[in-house]
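Below is one structure, written out as structure tokens; comments come after it.
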Amino acid sequence: MTSLYYNQSNYFNFIEDSSNNISNSLNYEDMLVEESDFIKNIAINSKVISEPYVKVFIAFDKFIEDEIYQFNPSLKPEEDTRGITSEIGSMNSGSNDSSLKSDYLKTFNTLYSVEIDSTLYKTDFVLGKTVKKQNGFETYIGIKNIEEGKHMLYVKRRELKESDTISKTEASIPFWYYPD
-17 MTSLYYNQSN YFNFIEDSSN NISNSLNYED MLVEESDFIK NIAINSKVIS
33 EPYVKVFIAF DKFIEDEIYQ FNPSLKPEED TRGITSEIGS MNSGSNDSSL
83 KSDYLKTFNT LYSVEIDSTL YKTDFVLGKT VKKQNGFETY IGIKNIEEGK
133 HMLYVKRREL KESDTISKTE ASIPFWYYPD
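First residue of the sequence shown: -17, per our numbering; consecutive thereafter.
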């Protein structure tokens, strides 16, 4: 597929993913102001953080669940019931007891990690929703001890490659910390 757009720069195309040199608005929850704006993959609460914490949100998709099954096959149900269902059907599907949900989240938390600059932070992702009702996983990281100014937040994901487990950077999001 081909699309046309006006290229304003020889170096940047202004629709690139966030990186050390680019801050894409899709990575900042408070910048998703249009009704049609949703988190594409991973976002933090804001580009400029003044609170002593940063929220990290990972949008849910079926591929995340497939990866959870790869790392914890005991969670894979005999029958995959994902997809369109009725309210009655979902009310009666009490087969997923709380211990399996807990194992699911524990597995998710072993797959995803968060670093700010080069420091690994302990995370405890839980299932959540954005104000726009987008499903995903969220965690909050205390940052009151970092210096003021620009920082890089990295979300990394463990992935199976053949017989090895590798760590892949899923998002690199710049932010600025200026406490009140």
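All C-beta atoms, glycine included, are put in the ideal place defined by N, C-alpha and C. Just so you know, these numbers come straight off a predicted model, no measurement behind them.
Please tell me whether S174 and Y136 are closer than 7 Å, where the distance is taken between their beta carbons. The structure shown does not extend to residue 174, since the chain spans only -17 to 162, so no value can be given for it.
What is the DSSP secondary structure of L93, counted as helix, strand or coil? The three-state secondary structure of L93, taken from DSSP, is helix.
In this structure, does DSSP put Y10 in helix, strand or coil? strand
Around the C-beta of E130, are 16 or more other C-beta atoms found within 10 angstroms, so that it is buried, or is it exposed? exposed
Residue from W158, G65, T(-16), S(-9) whose Cα sits closest to the Cα of I98: W158
If we call anything under 7 Å between Cβ atoms a contact, is F107 one with T89? no
Once the 5 residues before and after Q116 are set aside, which same chain residues still bring their CB inside 7 Å of it? F20, I21, A41
Endpoints, alpha helix (DSSP H) assigned at I46: 44 to 53
Report yes if the C-beta distance between K29 and Y10 is below 7 Å; otherwise report no. Against a cut-off of 7 Å, the Cβ pair of Y10 and K29 comes out as a contact.
First and last residue of the beta strand (DSSP E) that includes F39? 35 to 41
Relative to the alpha-carbon of Y(-7), which residue among E152, S95, M(-17), I4 has its alpha-carbon at the smallest distance? I4
If T147 sits next to R140, beta carbons under 8 Å apart, how far is it from one beta carbon to the other, in whole angstroms? 5 Å
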